[in-house]
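Written out below as structure tokens is the structure these notes cover.
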Amino acid sequence: MSEISLYVFENSLLMNDKGGYLNPNVFNQLVSTACSLKKFEWVKHFIKDNIEKSSPEYRDKFYNFAFCHIMNQNTLTNFIR
Numbered sequence: 000m001s002e003i004s005l006y007v008f009e010n011s012l013l014m015n016d017k018g019g020y021l022n023p024n025v026f027n028q029l030v031s032t033a034c035s036l037k038k039f040e041w042v043k044h045f046i047k048d049n050i051e052k053s054s055p056e057y058r059d060k061f062y063n064f065a066f067c068h069i070m071n072q073n074t075l076t077n078f079i080r
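Shown next, in the form of structure tokens:
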């Protein structure tokens, strides 16, 4: 997963045409997918490394959503064990 994401970022495939910001839907989908795969450490690094690429207007919301999603999925995973 990290190799694919690295390729995508290096080639700017997730950027919107408007303003050159990270596509919010793709950002959220990557976070959700990584959490579903239990790649919690990877997704934390992904968020921290790429949050600045998101639109300033929505940056805080994306950041909060992403970390809430991680905490929620991680708690659920630990509960099921």
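With numbering that gives the first Met the number 0, letter number 25 in the sequence shown gets 24, and the count goes up by one each step, no holes. Don't be surprised by glycine CBs; every beta carbon is placed ideally from N, CA and C.
Nearest neighbour of residue i, chosen from the options [CA to CA]
i	options	result
Leu-29	Lys-17, Tyr-20, Gly-19, Ile-46	Ile-46
Glu-51	Leu-21, Trp-41, Lys-37	Leu-21
Gly-19	Asn-71, Pro-55, Ser-35	Pro-55
Residue i, enclosing alpha helix (DSSP H) - first and last residue
i	result
Ile-46	39-49
Distance CB(residue i)-CB(residue j) smaller than 8 Å
i	j	result
Asn-73	Phe-39	yes
Phe-61	Ser-53	yes
Ile-69	Lys-37	no
DSSP three-state assignment for residue i, whether helix, strand or coil
i	result
Leu-21	strand
Ser-54	coil
Leu-29	helix
Close Cβ partners of residue i (< 7 Å) along its chain, the five nearest in sequence each way excluded
i	result
Ser-31	His-68
Cys-34	Val-42, His-68, Ile-69, Gln-72
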